[in-house]
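This report refers to the structure that appears directly beneath it.
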Amino acid sequence: MKRHMIVLLILSLFLTGCWDKRELNELAITVAMGIDKVEDEFQLTAQVVVPSEVSMKQSSGRSPVTLFQAKGETVYEALRKMTISSPRKIYPGHLRMLVIGEELAQEGIGESLELLSRDWELRSDFYVVVAKDKTAAEILNVSTPIESIPANKMFNTLKTSENSWSATKGITLDDLISDLISDGQNPVLSGIYITGNEESGSSKQNVESITPSAQILYDYLAVFNKDKLVGWLTERESIGYNYITNSIKTTVTSVSCPEKGKASIEVIQFKSDMKGKINKGEPEVDVNIQVEGNVGSVECHINLKEPVTIEELEKIYEKEVKESIDQTIETAQKQYKTDIFGFGQAIHRSNPKTWKKIKEQWDEKFTDMVVNVEVDLKLRRTGTVNKSFLKSLQE
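So the sequence shown is numbered by the numbering used here: it starts at 526 and just counts up by one.
Right under this line is the structure:
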């Protein structure tokens, strides 16, 4: 009897395996979505893969993606209304990018994200970005070379930029919601914008020439206070933000030579340690940054064989990077008045009782708090040439 029950239980598992199965030809595979606010309605734009155009055998040379668009009083309503123009159900299970229009970001993104956070069809590993000076729909309407599907281009470019340049940051939906609901830290998102002739960006000619008429690029970090966009960090400040938050994987920094000219330092190892404390009754944070780097290029007359030269370069790097970080902190404190670094969380970890007393006034406390920054660089390699050949060219 017991054996029969086990067999029946196993068979019952197979009976329920395909209750929600849908054929691929019934779905519109959506790889990117854009959300804008148009007057009092949400405008949703879906970038959908055209199956016949991504198939090598059936491709006719037309665009591998198409856009569907609808408006509604809620994002959910707009998503459902897309069925009046799409012959297939919009399926976001393979979403790679979510682009939020700047105007909507300024009004607040909480309502827009609510549906996405509860949609069981959505994976949460897609990136969220803000369209700078453009609508999300305009960003999704640009054709891209190399990666024929623009959503893939946007995803891979952001990932590569985050790993190699560090002026951007790849934020997933889970990351964003975590920052939105956390005490003591407000979100940032990478900015995306269009350069060149936007009108020809959606045409086939945009990907047929060596130099595309229009391109979509990443730059700047969008600064939020709760769920509202309040401003943008510059490229230099964005790198400073990533220094503070231990988000540097590798980057290149140009520093001044002891006399004149520039040298480039490649960061190969990085660690930022943030500690909160209470000093004379007031919150304070220490940020200690340890960097290992190589000399990437030298455009000045220095001899890298001399230990004193290496020490000078290290000191100059430490000074200039500290200045950049201090500028980033000042911008957040004085201009935007929002803690994007997680200083509040550092105070919470170190002094939970004090944090409980001050967390309701954290915005005010943050703007005046002391932040101590220390940067330490150790240069490991200087290349195979000790002196730049530029001096010989100038003689």
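For glycine and all other residues, C-beta sits at the position ideal for the given N, C-alpha and C.
Remember, it's a predicted structure, so these values are computed and weren't measured experimentally.
For V579, no pairing in a beta bridge is given by DSSP. Spanning the alpha carbons of P808 and K787 requires a straight line of approximately 38 Å.
Judged by DSSP secondary structure, N722 falls outside any alpha helix (DSSP H); it is assigned neither H nor E. Taken through DSSP and simplified to helix, strand or coil, V667 comes out as coil.
The secondary-structure analysis by DSSP pairs Y768 with nothing; it has no beta-bridge partner.
Here N681 is exposed, its C-beta having fewer than 16 other C-beta atoms within 10 Å. Taking P589 as reference, the option from E598, V574, K890 and L714 with the minimal CA-CA separation is V574.
According to DSSP, A553 shares a beta bridge with I615. Around the beta carbon of L742, a 10 Å sphere encloses fewer than 16 other beta carbons of the protein chains shown; the residue is thus reported as exposed. Counted as a single uninterrupted DSSP element, the stretch harbouring F866 is not any alpha helix (DSSP H), since DSSP gives it neither H nor E. Measuring C-alpha to C-alpha distances from S763 to each of K796, S738, E724 and A692 identifies A692 as the nearest. Looking at E639, T720 and N731, the one whose alpha-carbon comes closest to that of E672 is N731. Its Cα nearest to that of E627, the residue Y718 stands out among P675, A595 and Y718. Ranked by how close their Cα comes to the Cα of V556, the residues E843, R587, L604 and I674 have I674 in first place. Look at G801 here: in three-state DSSP terms it is strand. In chain order, C782, P783 and T834 place their CB closer than 7 Å to the CB of I827, counting only its own chain and leaving out the 5 sequence neighbours on each side.
Residue pairing for Q594: DSSP places it in a beta bridge opposite T570. From the listed residues T660, D561, S611 and I625, the smallest Cα separation to E598 is found for D561. Per DSSP, the unbroken alpha helix (DSSP H) holding I850 starts and ends at P832 to E855.
Contact check for K751 and N711: beta-carbon distance about 7 Å, within the 8 Å limit, so the pair qualifies. Going by beta carbons, N722 and A747 fall outside the 7 Å limit. Residue nearest to E646 within the set L620, N666, T669 and Q815 is L620 (criterion: CA-CA distance). According to the DSSP secondary-structure assignment, G786 is paired through a beta bridge with no residue. Just measuring C-alpha positions, the residue of E687, D699 and K614 sitting nearest L638 is D699. In the displayed model, M607 falls within a helix according to three-state DSSP. With a contact defined as Cβ atoms closer than 8 Å, G559 and A661 qualify at about 3 Å.
Nearest to G756 by alpha-carbon distance, out of I735, V713 and S728, is V713. With the rule of 3 Cβ pairs closer than 8 Å, the region 828-848 does not count as touching the region 867-882. Taking a contact as a CB-CB distance under 8 Å, the pair Q572 and L552 does not count as one, their CB atoms being some 14 Å apart. Taken through DSSP and simplified to helix, strand or coil, P808 comes out as strand. Taking the C-beta atoms as reference points, S779 is found no nearer than 7 Å to S772. Per DSSP, reduced to three states, the secondary structure at A656 is strand.
The three-state secondary structure of W690, taken from DSSP, is coil.
Only exposed fits E760, as fewer than 16 other CB atoms lie within 10 angstroms of its CB. Residue burial is scored here from C-beta neighbours: I625 has at least 16 other C-beta atoms within 10 angstroms and is therefore classed as buried. Contact between V816 and F795 is confirmed by a C-beta separation of about 6 Å, below the 8 Å threshold.
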